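The block underneath contains the structure these notes are about, expressed in C-alpha cells.
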Amino acid sequence: PVVLSIILGYLGINLMVKKREELVGLFTTLPWVGGKERNRDKVTQSNIYQYKILDTSVIIDGRIADICQSGFLEGTLVIPVF
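If you want our numbering, it's the 1-based position in the sequence shown plus 64.
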C-alpha cells in the first residue's frame, strides 16, 4: 500500500504540473471563485436575440417547429436558400 501510494502520488503531481494551465483555466471560470463566468453572463444576456441558421436536416426533421412554439429558441431563425 505504501509503494502504491507513492507511485500514485507521483503520477498525480506529474499530471498536475503538465496540465497546470488547463486546471487554472477550469477554476477561474467557476462563478464562486469570482472568475470569468460573471463577465460571460453580461455578454450572453446582451447577445440573446441573435440569428440562428438552420441546417436542412433540422428543417426536414420537423421537431424544430415544436421547439420554436414552446418558446425555447429566441431570436431570428434563418433558413438558407440554395
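Quick reminder that beta carbons are idealized off the backbone N, C-alpha and C, glycines included.
Note that the structure is a prediction, hence the values are computed from the model and not measured.
Check: For L118 and I77, which I take to be in contact (beta-carbon distance under 8 Å), what is that distance rounded to the nearest angstrom?; Outcome: The pair is not a contact, with the Cβ atoms about 48 Å apart (cut-off 8 Å).
Check: Let me confirm a value: E101 is counted as buried when at least 16 other C-beta atoms fall within 10 Å, else exposed. Which label applies?; Outcome: For E101, the pLDDT reaches just 49, beneath the cut-off of 50, and the residue's location in the model is therefore unreliable, although a value from the coordinates is still provided. Looking at its Cβ environment, which holds fewer than 16 other Cβ atoms inside 10 Å, E101 is exposed.
Check: Put V142 into one of helix, strand or coil per three-state DSSP.; Outcome: strand
Check: Rounded to whole angstroms, what is the Cα-Cα separation between R84 and Y74?; Outcome: 15 Å
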